[in-house]
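Below: the structure, in structure tokens.
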Amino acid sequence: MWFFANRITRRYHHDHKKNGHHDGHHDHGHDVESRKSGTREIKVVRRVLDANDIMAERMRTVFAEKKVFVLNMMSSPGSGKTTTLQKTLARIMPGLRCAVIVGDICTTHDADRLAQSGAPVIQINTDAFGGDCHLAAHVVERAVADLDLEAIDLLIVENIGNLVCPAEFDIGEDKRVVVLSVTEGEDKPAKYPLMFRECDATLLNKIDLLPYLDFDMDRVRSSIGDIHPGMPVYEISAKTEAGFDEWIGWLTAQVKAKLS
Amino acid sequence: MHEMGIAMEIVDIAKASIPADMKGAKIQRVNLQVGKLSAIVADSLRFCFDLVVKGTALEGAELAIEEVPVVVRCKDCRAQWTVTEPVFICKACQSGAIDILSGRELDIKSIEIEDKD
Numbered sequence: 000m001w002f003f004a005n006r007i008t009r010r011y012h013h014d015h016k017k018n019g020h021h022d023g024h025h026d027h028g029h030d031v032e033s034r035k036s037g038t039r040e041i042k043v044v045r046r047v048l049d050a051n052d053i054m055a056e057r058m059r060t061v062f063a064e065k066k067v068f069v070l071n072m073m074s075s076p077g078s079g080k081t082t083t084l085q086k087t088l089a090r091i092m093p094g095l096r097c098a099v100i101v102g103d104i105c106t107t108h109d110a111d112r113l114a115q116s117g118a119p120v121i122q123i124n125t126d127a128f129g130g131d132c133h134l135a136a137h138v139v140e141r142a143v144a145d146l147d148l149e150a151i152d153l154l155i156v157e158n159i160g161n162l163v164c165p166a167e168f169d170i171g172e173d174k175r176v177v178v179l180s181v182t183e184g185e186d187k188p189a190k191y192p193l194m195f196r197e198c199d200a201t202l203l204n205k206i207d208l209l210p211y212l213d214f215d216m217d218r219v220r221s222s223i224g225d226i227h228p229g230m231p232v233y234e235i236s237a238k239t240e241a242g243f244d245e246w247i248g249w250l251t252a253q254v255k256a257k258l259s
Numbered sequence: 000m001h002e003m004g005i006a007m008e009i010v011d012i013a014k015a016s017i018p019a020d021m022k023g024a025k026i027q028r029v030n031l032q033v034g035k036l037s038a039i040v041a042d043s044l045r046f047c048f049d050l051v052v053k054g055t056a057l058e059g060a061e062l063a064i065e066e067v068p069v070v071v072r073c074k075d076c077r078a079q080w081t082v083t084e085p086v087f088i089c090k091a092c093q094s095g096a097i098d099i100l101s102g103r104e105l106d107i108k109s110i111e112i113e114d115k116d
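Residue numbers (numbering that gives the first Met the number 0), protein chains in the order written: chain A, 0 to 259; chain B, 0 to 116.
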């Protein structure tokens, strides 16, 4: 997948040339900082993920023009993201016109389940044999090419199941949500602080299983509160739809705020 | 987890940063800043870097990684401190409104090129 990223890096630099700059990289300055014996230090000062961030910003502009709200949904594998999404779509469609991009390393199981909602679903397989660990902006750009953005209010991107890498990659989204299931243990936020820091809301899923677990709800809430003070945390069950009114309320308010 | 892709990006950026008058020169060292809050494992990144530099202008180059601490500032009382555990609440005034000043870096600061002059 990163081979594509590299191709995009190069394409970006071609664009720069067209715009009259002699080279994208050179814009960042090539000051000779120091000369040690036999070595020259060249200042670079570039973010390694520059190519992704530029692409994400470009996507954000497209989404703003087309009036599409983009939600990036992240979680570890097996947290119930797809079921949560299925039940969510059933509640908000057709009031909101939705589409889904599903990232999965392999298989189309999630896409098949989500397609039953009637929403257009674009499946992205990052690799047939265990490829990428996150969705990057260029992957989303290619998936979006197959969607009619004029006919969509809410685009939900179901990211690869992983609490580490997706947090690092901007995909041009408006808001980020992390789904944490109570079977995963209450120490997850402290173990993956970047994810909980970067997200705008947390869904604590599978609360129907709480009677069978030693899950400490107060501890997880206080841990999330330490990492991201003030972030809304919704306790839900994708199975019974407990807590869905609050979660759907938050989501539709976010969407309306952008579209109105 | 995506250290290989990151290593490839680093090599691309480093190669493109060789000034025109030094084409063909070998890069000896890449100076990278990695924030403590970034999802990068330094050892994995070095391992991947050593693999992807083979056959490039960076072959044998050292990847020098400077870890950057997570420094935050309270928006309310302007207190500034280094975060060492996953708590982003101001110890002085208990505010949760903070700015992250550093710790998210994944930046190439400079490259060091052999200079025969």
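Even glycine gets a Cβ: it sits at the ideal position worked out from N, Cα and C. Since the model is a prediction, treat every value here as computed from it, not as a measurement.
Can you grab the Cα-Cα spacing for the pair residue i / residue j, in whole Å?
i: Val-29 of chain B; j: Ala-60 of chain B; result: 7 Å
i: Ile-112 of chain B; j: Val-52 of chain B; result: 14 Å
i: Ala-13 of chain B; j: Ala-6 of chain B; result: 10 Å
i: Asn-161 of chain A; j: Gly-4 of chain B; result: 17 Å
i: Gly-34 of chain B; j: Ala-166 of chain A; result: 14 Å
i: Ala-136 of chain A; j: Pro-119 of chain A; result: 19 Å
i: Cys-47 of chain B; j: Glu-8 of chain B; result: 11 Å
i: Val-177 of chain A; j: Phe-195 of chain A; result: 7 Å
i: Gly-95 of chain B; j: Ser-37 of chain B; result: 21 Å
i: Asp-225 of chain A; j: Ala-89 of chain A; result: 34 Å
i: Ser-259 of chain A; j: Ala-252 of chain A; result: 10 Å
i: Pro-18 of chain B; j: Ile-107 of chain B; result: 16 Å
i: Asn-51 of chain A; j: Glu-240 of chain A; result: 36 Å
i: Gly-23 of chain B; j: Asn-158 of chain A; result: 41 Å
i: Asp-169 of chain A; j: Tyr-191 of chain A; result: 17 Å
i: Met-72 of chain A; j: Val-156 of chain A; result: 6 Å
i: Ser-180 of chain A; j: Val-71 of chain B; result: 29 Å
i: Glu-172 of chain A; j: Ile-97 of chain B; result: 22 Å
i: Ala-55 of chain A; j: Glu-140 of chain A; result: 9 Å
i: Val-82 of chain B; j: Leu-31 of chain B; result: 21 Å
i: Leu-100 of chain B; j: Pro-210 of chain A; result: 42 Å
i: His-1 of chain B; j: Val-40 of chain B; result: 10 Å
i: Asp-26 of chain A; j: Gln-85 of chain A; result: At Asp-26 of chain A the pLDDT is 42, less than 50, meaning the model places this residue with poor confidence and gives no usable figure here.
i: Tyr-11 of chain A; j: Ile-53 of chain A; result: The predicted position of Tyr-11 of chain A is uncertain, since its pLDDT is 32 and thus under 50; a value taken from the coordinates is nonetheless stated next. When rounded, the distance between both Cα atoms is 9 Å.
i: Thr-87 of chain A; j: Ile-247 of chain A; result: 7 Å
i: Ser-236 of chain A; j: Thr-182 of chain A; result: 12 Å
Chain B beta carbons: is any one of them nearer than 7 Å to that of residue i?
i: Gly-79 of chain A; result: no
i: Ala-189 of chain A; result: yes
i: His-21 of chain A; result: Note on His-21 of chain A: pLDDT 39, under 50, position unreliable in the model; the coordinate value appears next. It does not: the Cβ of His-21 of chain A has no partner Cβ on chain B nearer than 7 Å.
i: Arg-215 of chain A; result: Inspection of the sequence shows that residue 215 of chain A is occupied by Asp rather than by Arg. Not an interface residue.
i: Asp-225 of chain A; result: yes
i: Lys-42 of chain A; result: yes
i: Leu-179 of chain A; result: no
Using a Cβ cut-off of 7 Å (strictly closer), state whether residue i contacts chain A.
i: Leu-50 of chain B; result: no
i: Ile-107 of chain B; result: yes
i: Gly-95 of chain B; result: yes
i: Asp-98 of chain B; result: no
i: Phe-46 of chain B; result: no
i: Pro-68 of chain B; result: no
i: Glu-111 of chain B; result: yes
i: Asp-114 of chain B; result: yes
i: Ser-43 of chain B; result: no
i: Glu-8 of chain B; result: yes
How would you label residue i, buried or exposed, when you count the other beta carbons within 10 angstroms and need 16 or more for buried?
i: Cys-76 of chain B; result: exposed
i: Tyr-233 of chain A; result: buried
i: Pro-68 of chain B; result: exposed
i: Val-44 of chain A; result: exposed
i: Leu-277 of chain A; result: Residue 277 of chain A falls outside the range modelled here, since chain A spans only 0 to 259, and no answer is possible.
i: Gly-102 of chain B; result: buried
i: Pro-93 of chain A; result: exposed
i: Thr-60 of chain A; result: exposed
i: Leu-212 of chain A; result: exposed
i: Ala-110 of chain A; result: buried
i: Gly-229 of chain A; result: exposed
i: His-108 of chain A; result: exposed
i: Ala-127 of chain A; result: Any reading at Ala-127 of chain A is ruled out, since the residue's pLDDT is 46, under 50, leaving its predicted position unreliable.
i: Leu-153 of chain A; result: buried
i: Gln-122 of chain A; result: buried
Subject >> Stretch pair the region 178–187 of chain A + the region 98–107 of chain A: three plus CB contacts closer than 8 Å >> reply: no
**OP:** For the region 191–203 of chain A and the region 104–117 of chain A, state whether three or more C-beta atom pairs, one from each stretch, are separated by less than 8 Å.
**Re:** no
Original post:
Does the pairing of the region 76–84 of chain A with the region 132–150 of chain A give three or more beta-carbon distances under 8 Å?
Top reply: no
Original post:
For the region 56–89 of chain B, which residues have a beta carbon sitting closer than 7 Å to at least one beta carbon of chain A?
Top reply: For the region 56–89 of chain B, which is checked against every Cβ of chain A, the residues closer than 7 Å are Pro-85, Val-86, Phe-87, Ile-88.
Subject >> Interface positions of the region 148–168 of chain A facing chain B (Cβ-Cβ less than 8 Å), listed along the chain >> reply: Of all residues in the region 148–168 of chain A, Asn-161, Val-163, Cys-164, Ala-166, Glu-167 have a Cβ within less than 8 Å of some Cβ in chain B.
Original post:
Using 8 Å as the threshold, is the region 58–78 of chain A in touch with the region 147–159 of chain A, meaning 3 or more CB pairs across them?
Top reply: yes
**OP:** Taking only beta carbons into account, state which residues of the region 30–41 of chain B come closer than 7 Å to chain A, listed in chain order.
**Re:** Under the 7 Å Cβ criterion, the region 30–41 of chain B contributes Leu-36, Ser-37, Ala-38.
Subject >> Contact list for the region 15–27 of chain B against chain D, Cβ threshold 8 Å >> reply: Given the protein chain composition of this structure (A and B), no chain D is represented.
Original post:
Looking at chain B, which residues of the region 55–67 of chain A have a Cβ within less than 8 Å of any of its Cβ atoms?
Top reply: none
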